[in-house]
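Below is one structure; the comments refer to it alone.
Protein chains in written order, with our numbering: chain A, 156 to 626; chain B, 1076 to 1319.
Listed below in structure tokens is the structure:
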């Protein structure tokens, strides 16, 4: 019986030219998004790998130098994209993906696509995630808004019920029919995710989790559309209601909630942060000033430690030790500001995530960008890992300065390039699946499941009402 | 007391809607092999009565039974005994006649074999050339034939019709009446709601006149000669309305 309802619903859609054309266009759009995004991510990764190789080659080609010159020579590191980033670019086009690591400074990530491209980029990019998150739900609503309401208007609903069919059976048939259509519309994207899971074993779990989440999200829209159609007297009302829900949950809330979060928790501008860091740095002390109280105490401590009275008598180069101490102090300060900034961003994100109660799209985006390695956490992890690497790398050079360069004639000396060209290269490690699942995927799944549960309760009520009143 | 043999029975029905008494102590009884026409003006309660039989309206008091099954107590079982043909036959325009019957038969849990479907379409005299055509191009008379074919295919004992001849030309009306007579001959109980006294008098065995939710009077067809005194019925009905 349910199979007959499903088949008849599918026939109605297949025999409707507009619905058929819209479905084919959506499938083509999804396919185009997959191809274009995959091409873009492949080219971005290839470009970053090329730049990284170039930067590494330049690094290795350095001649023998004074270690402090190497500190200022610096080094570029690039954040590689996950194979799943083709599905959801996340924050990557806006955050920048390149860090310049050098002494005394903590540089922010540079060369974001948004910073280098036209403002049109900010209007959204054609990714499979965008199509499935925003456009496909609209088509699902368009295909399902009349599923029950139009039959009610035409009297077909009463005729079906008078055959003795249960309201629940009728509704289940409609839900299955439109649920299957929703999954069919997502099929190209699901196949792409399946292919990624097979071809890139390292992100197989992420790909399959993403697939399940998007499937649930599209099913949620199908259920919502059929139930709205069941609850309103006219198809036109159902369409208006669904478009309204779509506008609020997929356009307004995802756009407004970050604005509200920014108002609630303000982030200092880059200039404000740099001014604050500069003021704190001045307060720390000046290693070049012989009368600076902090570095005078530091010098005395070093002299005491080695049992000598002059820096010239130290077995190590005092200049290198000062650089080490200066770097320790400034890095701690950078770290403090970085963590404070991240804490504020987390507060903002908490507010945005709270809005997911009213917008499943926000929950899905949270999960999607995290699994694609393109969320704020992944970006911040890159910054923190980059900073840790920078600190170790600069301190290693400062240590070479202290041990391999003599105090006398310090500036004119060079050390063999083998000391620094052989240092381990930076390699970004993405967060583990378990971590992403616990922090993002789990809560997002719970929220979408909560929505489905609530709709399930509504479906029971509506099925009973259909059966008893034909309305 | 409810008579167990009645195909369709309403007893002492009362129903109020939005503060208005729509049905008042309504009694109707239709036997198998009988056509009952319920006449009444707008707002007399005809559609509400039909909805009570279909289970879409619940009376405040009284009982509704279809083939002895209490509609309020076992709605689905009661619906399984009846076929309903609405005024605007609400079949699917994107399906052809066969597909429509096949679908509704499956909903009813009846055998939807090709032979069963074709035999029902043949029984209602729908031209075979139209069977595989989508209903979008059908006339109202043809659609009604498909709806009746569904009832035939389901072989249900009760048929409920809402304004069956409204919008039909005389030829289609005559064909439709012939179909109803065939079904009656097969033992079906037919209950129709209509404004059309002449049409009802042509086919019905009994006519009930509904006024303010109550049967004002009933008339039975004569065994021979003119079946009903239509003028007399009309005068009586108009008089009853004026008296009310």
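Yeah, the Cβ is synthetic: ideal placement off N, Cα and C, and Gly gets one too.
Listed by chain order, chain A residues near residue 1111(B) by CB distance under 9 Å: The residue labelled residue 1111(B) in the question sits at position 36 within the second chain. Ordered by position in chain A, no residue passes the 9 Å Cβ test against residue 1111(B), which lies about 18 Å from the chain.
Residues in the segment 295 to 315 of chain A with C-beta within 9 Å of chain B's C-beta atoms, listed in sequence order? 306, 309, 310, 311, 312, 313, 314 and 315
Output, in sequence order along the chain, the residues in the segment 166 to 178 of chain A whose CB is closer than 8 Å to any CB in chain B. 166, 167, 170 and 171
Report the neighbours of residue 1251(B) on chain A: residues whose CB is nearer than 9 Å to its CB, in chain order. Along the second chain, one-based indexing puts residue 1251(B) at 176. Chain A residues near residue 1251(B): none, gap ~18 Å exceeds 9 Å.
Could you tell me whether the Cβ atoms of residue 385(A) and residue 607(A) are closer together than 8 Å? For the purposes of this step, residue 385(A) is taken as the residue at position 230 of the first chain. For the purposes of this step, residue 607(A) is taken as the residue at position 452 of the first chain. No.
According to the neighbour-count rule (16 or more other Cβ atoms, all chains shown, within 10 Å of its Cβ), is residue 561(A) buried or exposed? As a working note, residue 561(A) is residue 406 in the first chain. Looking at its Cβ environment, which holds fewer than 16 other Cβ atoms inside 10 Å, residue 561(A) is exposed.
Complete alpha helix (DSSP H) runs within the segment 316 to 389 of chain A (minimum length 4 residues, chain order): 322 to 354 and 359 to 386
How is residue 577(A) classed by DSSP in three states: helix, strand or coil? Within the first chain, residue 577(A) is the residue found at index 422, counting from 1. Coil at residue 577(A), not helix or strand.
Residues bridged to residue 1294(B) (per DSSP): As a working mapping, residue 1294(B) is identified with position 219 in the second chain. 1282(B).
Enclosing alpha helix (DSSP H) for residue 1193(B) [first to last residue]: Here residue 1193(B) refers to the residue found at position 118 of the second chain. Here the alpha helix (DSSP H) through residue 1193(B) covers 1189 to 1198.
Which residues in chain A sit within 8 Å of residue 1161(B), going by Cβ to Cβ distance? Along the second chain, read from residue 1 onward, the residue named residue 1161(B) stands at position 86. What residue 1161(B) touches in chain A: 310, 313 and 314.
Check whether chain B comes within 8 Å of residue 624(A), counting only Cβ atoms and requiring the distance to be less than that. Counting from one through the first chain, the residue named residue 624(A) turns up at place 469. Output row for residue 624(A): interface = yes.
Is it right to say residue 169(A) is buried, meaning 16 or more other beta carbons lie within 10 angstroms of its own, or is it exposed? Position 14 of the first chain, counting from 1, holds the residue named residue 169(A). Classification for residue 169(A): exposed.
Distance check for residue 499(A) and residue 701(A), CA to CA, integer angstroms please. Because residue 701(A) is not part of the residues shown, which for chain A are 156 to 626, the question remains open.
Could you name the residues of chain A that residue 1170(B) contacts, counting a contact when the two beta carbons are closer than 8 Å? Sequence index remark: in the second chain, residue 1170(B) carries index 95 (1-based). In chain order: 163 and 166.
Provide the residue span of the beta strand (DSSP E) that contains residue 1087(B), from first to last. The residue labelled residue 1087(B) in the question sits at position 12 within the second chain. Its beta strand (DSSP E) spans residues 1083 to 1092.
Please compile the residues from chain A whose C-beta is within a distance smaller than 8 Å of the C-beta of residue 1179(B). On the second chain, residue 1179(B) is found 104 positions in, with the first residue counted as 1. What residue 1179(B) touches in chain A: 314, 315 and 318.
Given that a residue counts as buried once 16 or more other Cβ atoms are within 10 Å of its Cβ, and exposed if not, what is residue 584(A)? Residue 584(A) sits at position 429 when you count from the first residue of the first chain. Counting Cβ neighbours within 10 Å, residue 584(A) comes out exposed, since fewer than 16 surround it.
Roughly how many angstroms separate the alpha carbons of residue 274(A) and residue 541(A), rounded to a whole number? Translated into positions along the first chain, residue 274(A) becomes position 119. Translated into positions along the first chain, residue 541(A) becomes position 386. Note on residue 274(A): pLDDT 46, under 50, position unreliable in the model; the coordinate value appears next. When rounded, the distance between both Cα atoms is 29 Å.
Mind listing which residues of the segment 319 to 330 of chain A have their C-beta closer than 7 Å to chain B's C-betas, in chain order? 319, 320 and 321
Go ahead and label residue 1117(B) buried or exposed: buried means 16 or more other beta carbons lie within 10 angstroms of its beta carbon, across all protein chains shown. On the second chain, residue 1117(B) is found 42 positions in, with the first residue counted as 1. Exposed is the call here.
Taking CB distances under 8 Å as the criterion, tell me whether residue 156(A) reaches chain B. Stepping through the first chain from its first residue, residue 156(A) is reached at position 1. Judged by the 8 Å Cβ criterion, residue 156(A) is in contact with chain B.
Do the segment 1106 to 1121 of chain B and the segment 1249 to 1268 of chain B touch if we need at least three Cβ pairs shorter than 8 Å? yes
Using the beta-carbon of each residue, which ones in chain B are nearer than 7 Å to residue 618(A)? Within the first chain, residue 618(A) is the residue found at index 463, counting from 1. Here the premise fails: no neighbours, minimum Cβ distance about 13 Å.
Quick one: what does DSSP say residue 282(A) is sitting in, helix, strand or coil? As a first step, residue 282(A) must be located in the first chain, where it is residue number 127. Correct three-state label for residue 282(A): coil.
Neighbourhood of residue 220(A) by C-beta, 6 Å cutoff - its chain only, sequence neighbours within 5 removed: Residue numbering aside, residue 220(A) sits at position 65 when the first chain is read from its first letter. The answer, listed in chain order, is 569.
Straight-line gap, residue 437(A) to residue 230(A) (C-alpha atoms, nearest Å): Your numbering for residue 437(A) matches position 282 in the first chain. Your numbering for residue 230(A) matches position 75 in the first chain. Using only the alpha carbons, I get a separation of about 26 Å.
Using only alpha-carbon positions, find the residue among 418(A), 251(A), 381(A) and 374(A) that is nearest to residue 305(A). On the first chain, residue 305(A) is found 150 positions in, with the first residue counted as 1. Ranking the options by Cα distance to residue 305(A), first place goes to 381(A).
Every unbroken alpha helix (DSSP H) within the segment 394 to 471 of chain A, with a cutoff of 4 residues, ordered by chain: 408 to 419, 425 to 439 and 448 to 461
Determine the closest residue to residue 327(A) out of 310(A), 281(A), 534(A) and 160(A), with distance taken between C-alpha atoms. The residue labelled residue 327(A) in the question sits at position 172 within the first chain. The residue with the shortest Cα to Cα distance from residue 327(A) is 160(A).
Whole-angstrom distance between residue 301(A) and residue 337(A), CA atom to CA atom: Here residue 337(A) is taken as the residue at index 182 of the first chain, counted from 1. Here residue 301(A) is taken as the residue at index 146 of the first chain, counted from 1. Approximately 15 Å between the Cα atoms of the pair.
With the cut-off set at 8 Å, would you say residue 1198(B) and residue 1224(B) are in Cβ contact? The count along the second chain starts at 1 and reaches residue 1198(B) at position 123. The count along the second chain starts at 1 and reaches residue 1224(B) at position 149. Going by C-beta atoms, residue 1198(B) is nearer than 8 Å to residue 1224(B).
Whether or not the segment 342 to 354 of chain A and the segment 185 to 192 of chain A are in contact is what I'm after, with contact meaning three or more pairs of Cβ atoms, one per stretch, closer than 8 Å; do they touch? yes
Listed in chain order, which residues of the segment 1253 to 1268 of chain B have Cβ atoms closer than 9 Å to some Cβ of chain A? none
Kindly indicate if chain B contains any beta-carbon less than 8 Å away from that of residue 159(A). The sequence position of residue 159(A) within the first chain is 4, counting from 1. Output row for residue 159(A): interface = yes.
Nearest chain A C-beta to residue 1184(B) closer than 8 Å, yes or no? Translated into the one-based positions of the second chain, residue 1184(B) becomes position 109. So, interface residue.
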